[in-house]
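Here is the structure we will look at, set down as structure tokens.
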Amino acid sequence: MDQSTAMSKLFFTVSDKTDGSKYLCYIHDCAGDLNIGVTDAEDVWKTRITDEIKAQLLKYYSLKSIEDCLMKLRSSCGKGKASVSVEEEQVILHLGPSPIDLTMTLSKLCEVDGKVELKELLFRMADNLSHWQGAEGPQTLHSPGKNSHKRDNEFAPRKQSSNGPSVGSRKRFPGDSLINPGTRSKRPATGVAFDDDGDEV
33 MDQSTAMSKL
43 FFTVSDKTDG
53 SKYLCYIHDC
63 AGDLNIGVTD
73 AEDVWKTRIT
83 DEIKAQLLKY
93 YSLKSIEDCL
103 MKLRSSCGKG
113 KASVSVEEEQ
123 VILHLGPSPI
133 DLTMTLSKLC
143 EVDGKVELKE
153 LLFRMADNLS
163 HWQGAEGPQT
173 LHSPGKNSHK
183 RDNEFAPRKQ
193 SSNGPSVGSR
203 KRFPGDSLIN
213 PGTRSKRPAT
223 GVAFDDDGDE
233 V
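See below:
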């Protein structure tokens, strides 16, 4: 994976250390230059990662590649170690909780450039999501803790076990009742015979 492809997939959230509001931080390659941006979905702040910033990042994280440093930055944001503070027309990205930790200053884009940047960011994120879904395969919508196969078969007829007796398999004997198995059915009534010899008219 080349640098441009790897960096275009770096999206992470970072919080404002004063009020806890969330911001989206992203890194992308533009004309061979790495850029880092921060947005609240309305305004956009951005700066180019210059050679000077790269050297500072390599020294700060004690790593050998800028890609590893940016991955470390994303990890720091996920653990709540990094934060931002908004100061009028710029955003300060604090790479650590201590005041002496490294910071990066991002300048606010004008409204027109900000809209263009947000549009490009939206489609980069959509492309990244489509690529991830294609690699992982179709995602199911059921809860991971539940067995959908079991739910589908919840109302299916139950199979009788082959071990031991099963209900309804009892042998019927002649004369047994169909409604109450085990009892003898009654013989049908044949009527009453009357003797007419003793009757007088």
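Numbering (the working numbering), first residue to last: 33 to 233.
For glycine and all other residues, C-beta sits at the position ideal for the given N, C-alpha and C.
Item: In three-state DSSP terms, what is S139?; Value: strand
Item: Between which two residues does the beta strand (DSSP E) harbouring S47 extend?; Value: 42 to 48
Item: Does DSSP put K96 in a helix, a strand or coil?; Value: coil
Item: From H126 to C109, what distance separates their C-alpha atoms?; Value: 10 Å
Item: Would DSSP call E152 helix, strand or coil?; Value: helix
Item: Mapping the DSSP letters down to three states, classify S130 as helix, strand or coil.; Value: coil
Item: DSSP three-state label for K78, please.; Value: strand
Item: Looking at I98 and K86, is the spacing between their C-beta atoms short of 8 Å?; Value: yes
Item: By the three-class DSSP mapping on this structure, what secondary structure does E119 have?; Value: strand
Item: Kindly list the residues whose CB is nearer than 6 Å to the CB of D48, restricted to its own chain and excluding five residues on each side of it in sequence; keep chain order.; Value: V116
Item: Should V76 go down as buried or exposed, given a rule of 16 or more other Cβ atoms within 10 Å for buried?; Value: buried
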